[in-house]
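> For reference, the structure I am asking about is given below.
2 protein chains.
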Amino acid sequence: MSSLLIVGSLAFDTIETPTGWADRALGGSALYASATAGIFCSVHLVSVIGEDLAIEELSFLESRRVDLSGVTVASGKTFHWSGAYEANLNNRRTLSTDLNVFADFSPQLPLDYRNDQMVFLANIDPSLQLDVLGQIDGTPFVALDTMNMWIETAGEPLQNVLSQTDLVILNDEEAELLSGTRNILTSARAISDMGPSAVIIKKGEHGAFLWADGQMFSVPALPLETMVDPTGAGDSFAGGMMGYLTQAGDTSIDTLKRAIVYGTAAASLTVEAFSVEGLRRADRDKFNSRYRALHALTSFDPVLREV
Amino acid sequence: MSSLLIVGSLAFDTIETPTGWADRALGGSALYASATAGIFCSVHLVSVIGEDLAIEELSFLESRRVDLSGVTVASGKTFHWSGAYEANLNNRRTLSTDLNVFADFSPQLPLDYRNDQMVFLANIDPSLQLDVLGQIDGTPFVALDTMNMWIETAGEPLQNVLSQTDLVILNDEEAELLSGTRNILTSARAISDMGPSAVIIKKGEHGAFLWADGQMFSVPALPLETMVDPTGAGDSFAGGMMGYLTQAGDTSIDTLKRAIVYGTAAASLTVEAFSVEGLRRADRDKFNSRYRALHALTSFDPVLREV
């Protein structure tokens, strides 16, 4: 089985929610994605941290088949994001973004990462995403995340990287901004026309939508009694999905659907605790049990009963 | 097969959307619900109209097994609602509400309606809903809709009618207001504790959620390229669901799930045109084809593949 290459941020997050508080908790898109993907496959992680984050704090990732040799320690401080969620956990305000060493992040793939054929480019500058793709041999399967800022300010490199992307993962606001339409079907089609044969639009508590090969697929979020912190839910969704695809060694639409369900399972585990605590406690059996719960939640009799 | 009793409003709707306009189109909760339920079963309709609405305009309902002998013609004008939708069709402003003859609506069931064992009480004053239940012999299966105004102003009669309700159908805002919590699972449980063994929370474009018998079920809305007018989507959802349950002659959870999928099909047909035009054009085959489309949209491999 090949490894999954993940390029993104490692960070400290300071988070306020209506019911709690986490100060300098481990975070970052690459943390959530790799902690989840490591449940399914081996992971090559490329990121940067500062001198204030001991690499030992990431050792739980290694026990999850996440290789850390692509993580650079730069002189300075680690990326630090601080935010607060409103009562419904749907809206958040960014209180501060200190990029620190992440401002100069210039991903360099170790030689043994350059043959990876499964790649997840988490949300970073599209120019860096392009640079990463240029370092990879062959034609990998590329999944891409981005954000409003890049859609608004980096149109050309973003379109360039999209044209080399197989699967793009956006939230509903980003999809609307990128496509210019709020209609989820029209939006997904327009984004697919930019390059990716598969488009996933995440809708937070309302689940996720896939457009691929002219087919639609929709899965709801798992309703949870306890929602603590939504930070990282989207990144663990992507990590779970890409981890499963890598393990499966196949990206057919039926496998993609199963992968999205595992991604949804990952998101549900993430929001039940601060930071990656929910993911750390979970094993493959836990993911399987969430997969089954999502099947029970959504399945109904396919047979028409003309009673 | 028994008949479904539907009690609610018949109205003229004047509707502005970002792309169109309908003046004095046929509307009202009972119109949408009965036009849909009539696809599945015979319907006993109880409502009131004014002298400005010729009963012949409702004759298409009769061709759909909707009995109109419970529709009273009162002196005065028919209920007239006027509203405008914002760009995303999710938010609407009420421009005017002229209750007219509906202000004095006092539902009287014809004698042959009093044995109906399937009842849908559309959104009217909870005191009137209670009054209707008092006119029915036996212990029918009762589905109930209501709205923010009654939750805020008619707490006691609403709680009374809820205690006699089997299935309550609310949208997400109403459920939050009634339960005091936004968490969909906690909210549905709290509302179930008020009486109904089954609680459906409608989420518009995000689908519908069921809590019944300790089980959860979730179905997304069908993504549509063309959305014209969402007016009546919730009422046709309820009508389709109750029509199917009546036809099935059973309210088990598996039948309820199928019924919700037919309700979702009805809502999708409703929003594709103004007034009941989408529903008028549809037949049972069309409903079945939407049922199959919703199954294709949501189904995934239940088998865990530990690849």
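Chains as they are written, first to last, in our numbering: chain A, 1411 to 1717; chain C, 1411 to 1717.
Ideal Cβ placement from N, Cα and C applies to all residues, glycine included.
Predicted model, so just to flag it, every value in this text is computed and none were measured.
Can you list, in chain order, the residues of its chain with a C-beta nearer than 7 Å to that of A/V1552? Leave out the 5 residues immediately preceding and following it.
Walking along the first sequence from the start, residue 1552 of chain A turns up at place 142. The residues are V1529, L1531, L1543, Q1574, T1575 and D1576.
> Assign C/M1637 to buried or exposed, taking buried as 16 or more other Cβ atoms, counted over all protein chains shown, within 10 Å of its Cβ.
Locating residue 1637 of chain C in the second sequence gives position 227, where the first residue counts as 1. Answer is buried; the Cβ neighbour count reaches 16.
> According to DSSP, simplified to helix, strand and coil, what is A/T1482?
Translated into positions along the first sequence, residue 1482 of chain A becomes position 72. The three-state reading of DSSP puts A/T1482 in strand, counting E and B together.
> State the Cα-Cα distance for the pair A/D1582 and A/N1498, rounded to the nearest angstrom.
By one-based count along the first sequence, residue 1582 of chain A stands at place 172. By one-based count along the first sequence, residue 1498 of chain A stands at place 88. If I take the Cα positions, the gap works out to 17 Å.
> Just checking: is the beta-carbon of A/I1465 within a distance shorter than 9 Å of some beta-carbon in chain C?
Within the first sequence, residue 1465 of chain A is the residue found at index 55, counting from 1. Not an interface residue.
> Excluding the five sequence neighbours on either side, which residues of its own chain have a C-beta within less than 6 Å of the C-beta of A/P1640, listed in chain order?
As a working note, residue 1640 of chain A is residue 230 in the first sequence. L1499 and V1681.
> Closer than 9 Å, CB to CB, is C/V1629 near chain A or not?
On the second sequence, residue 1629 of chain C is found 219 positions in, with the first residue counted as 1. At least one chain A Cβ lies under 9 Å of C/V1629.
> Hey, quick one: how far does the beta strand (DSSP E) through C/R1700 stretch, first residue to last?
Translated into positions along the second sequence, residue 1700 of chain C becomes position 290. Where C/R1700 is concerned, there is no enclosing beta strand (DSSP E), although the alpha helix (DSSP H) around it starts and stops at R1694 to T1708.
> What is the rounded straight-line gap between the Cα of A/P1606 and the Cα of C/S1412?
On the first sequence, residue 1606 of chain A is found 196 positions in, with the first residue counted as 1. On the second sequence, residue 1412 of chain C is found 2 positions in, with the first residue counted as 1. C/S1412 has its alpha-carbon roughly 52 Å from the corresponding atom of A/P1606.
> Mind checking which residues open and close the alpha helix (DSSP H) that includes A/R1503?
By 1-based counting over the first sequence, the position of residue 1503 of chain A is 93. Counting along the chain, A/R1503 falls outside any alpha helix (DSSP H), though it belongs to the beta strand (DSSP E) covering R1502 to D1508.
> How long is the line joining the alpha carbons of C/I1465 and A/G1624, rounded to whole angstroms?
Residue mapping note: residue 1465 of chain C aligns to position 55 of the second sequence, counting from 1. Residue mapping note: residue 1624 of chain A aligns to position 214 of the first sequence, counting from 1. Distance between the alpha carbons of C/I1465 and A/G1624: 45 Å.
> If we cut at 9 Å on Cβ distances, does A/K1613 have a partner in chain C?
Counting from one through the first sequence, the residue named residue 1613 of chain A turns up at place 203. Taking Cβ atoms only, chain C reaches closer than 9 Å to A/K1613, which makes this a yes.
> Could you give the DSSP three-state label for A/D1711: helix, strand or coil?
Working through the first sequence from its first residue, we reach residue 1711 of chain A at position 301. Here A/D1711 carries a coil assignment [DSSP, helix/strand/coil].
> I want to see whether chain A comes within less than 9 Å of C/F1647, judged by CB atoms only; does it?
Walking along the second sequence from the start, residue 1647 of chain C turns up at place 237. So no, C/F1647 is outside the interface.
> C/T1556 and C/V1578: beta carbons closer than 9 Å?
As a working note, residue 1556 of chain C is residue 146 in the second sequence. As a working note, residue 1578 of chain C is residue 168 in the second sequence. Yes, the Cβ-Cβ distance between C/T1556 and C/V1578 is below 9 Å.
> Please check if any C-beta of chain C sits within less than 9 Å of the C-beta of A/M1652.
As a working note, residue 1652 of chain A is residue 242 in the first sequence. No, A/M1652 does not count as interfacial toward chain C.
> Check each candidate in A/V1483, A/F1450 and A/E1687 and name the one with the smallest Cα separation from A/D1462.
On the first sequence, residue 1462 of chain A is found 52 positions in, with the first residue counted as 1. Among A/V1483, A/F1450 and A/E1687, the Cα nearest to that of A/D1462 belongs to A/V1483.
> Considering only residues of the same chain and omitting the five flanking positions on each side of A/N1558, which have a CB-CB separation below 8 Å?
Here residue 1558 of chain A is taken as the residue at index 148 of the first sequence, counted from 1. Closer than 8 Å at the Cβ level, and outside the excluded window around A/N1558, lie E1583, E1584 and L1587.
> Suppose the cutoff is 8 Å on Cβ atoms and the five residues either side in sequence are ignored; what does the same chain contact list for A/A1658 look like?
Taking the first residue of the first sequence as position 1, residue 1658 of chain A is located at position 248. Cβ neighbours of A/A1658 beyond the five flanking positions: T1665, R1668 and A1669.
> Name, going along the chain, the residues of the region 1652–1671 of chain A whose beta-carbon falls closer than 9 Å to a beta-carbon of chain C.
Y1654, Q1657, A1658, G1659, D1660, D1664, T1665, K1667, R1668, I1670 and V1671
> Is the beta carbon of A/G1673 sitting closer than 9 Å to the one on A/A1618?
The residue you call residue 1673 of chain A lines up with position 263 of the first sequence. The residue you call residue 1618 of chain A lines up with position 208 of the first sequence. Cβ distance < 9 Å, so A/G1673 and A/A1618 count as in contact.
> For C/E1566, count neighbouring Cβ atoms within 10 angstroms of its own Cβ and tell me buried if that reaches 16, exposed if not.
Along the second sequence, read from residue 1 onward, the residue named residue 1566 of chain C stands at position 156. When all chains shown are included, C/E1566 counts as exposed.
> Using a beta-carbon distance below 9 Å, is C/H1454 in contact with chain A?
Translated into positions along the second sequence, residue 1454 of chain C becomes position 44. Residue contact check for C/H1454 against chain A: no CB pair falls below 9 Å.
> Give the straight-line distance between the Cα atoms of C/F1647 and C/Q1539, rounded to the nearest whole angstrom.
Position 237 of the second sequence, counting from 1, holds the residue named residue 1647 of chain C. Position 129 of the second sequence, counting from 1, holds the residue named residue 1539 of chain C. Going by the C-alpha atoms only, they are around 19 Å apart.
> Going by the CB atoms, is the gap between A/H1705 and C/F1710 shorter than 9 Å?
As a working mapping, residue 1710 of chain C is identified with position 300 in the second sequence. As a working mapping, residue 1705 of chain A is identified with position 295 in the first sequence. Contact: yes.
> Kindly indicate which residue of A/R1690, A/G1688 and A/G1418 has the alpha-carbon position closest to the one of A/P1536.
For the purposes of this step, residue 1536 of chain A is taken as residue 126 along the first sequence, with counting starting at 1. Out of A/R1690, A/G1688 and A/G1418, A/G1418 has the C-alpha closest to the C-alpha of A/P1536.
> Quick one: grab the DSSP three-state call for C/I1601.
To locate residue 1601 of chain C, count along the second sequence from 1; it is residue 191. Helix.
> C/P1712 CB to nearest chain A CB: under 9 Å?
Here residue 1712 of chain C refers to the residue found at position 302 when the second sequence is read from its first residue. Yes, C/P1712 lies at the interface with chain A (some Cβ there is under 9 Å from its Cβ).
> Could you pull the DSSP bridge partners for A/N1581 from this structure?
If you number the first sequence from 1, residue 1581 of chain A lands on position 171. Looking at the DSSP assignment, A/N1581 forms a beta bridge with A/K1612.
> Determine which residues share a DSSP beta bridge with A/W1491 and list them.
Counting from one through the first sequence, the residue named residue 1491 of chain A turns up at place 81. Answer by DSSP bridge pairing, in chain order: A/D1423 and A/T1507.
> Which residues in the same chain as A/W1431 place their Cβ atom closer than 8 Å to its Cβ, once the five residues preceding and following it in sequence are excluded?
Along the first sequence, one-based indexing puts residue 1431 of chain A at 21. Closer than 8 Å at the Cβ level, and outside the excluded window around A/W1431, lie I1425.
> Are the Cβ atoms of A/G1480 and A/P1520 separated by less than 9 Å?
Position 70 of the first sequence, counted from the start, is the residue given in the question as residue 1480 of chain A. Position 110 of the first sequence, counted from the start, is the residue given in the question as residue 1520 of chain A. Closer than 9 Å, so yes.
> Quick one: list the residues of chain A neighbouring C/Y1701, beta-carbon separation under 7 Å, in chain order.
If you number the second sequence from 1, residue 1701 of chain C lands on position 291. For C/Y1701, the residues of chain A that pass the 7 Å Cβ criterion are L1714, in the order they occur in the chain.
> Looking at the strands, I want to know which residues DSSP matches up with A/D1555.
Taking the first sequence and counting its residues from 1, one reaches residue 1555 of chain A at position 145. Paired residues: A/I1579.
> Starting from A/R1434, follow the beta strand (DSSP E) in both directions and report where the run begins and ends.
Numbered from its first residue, the first sequence carries residue 1434 of chain A at position 24. For A/R1434, the enclosing beta strand (DSSP E) begins and ends at W1431 to G1437.
> Going by DSSP in three states, C/I1459 sits in which element: helix, strand or coil?
The count along the second sequence starts at 1 and reaches residue 1459 of chain C at position 49. In this structure, C/I1459 counts as strand in the three-state DSSP scheme.
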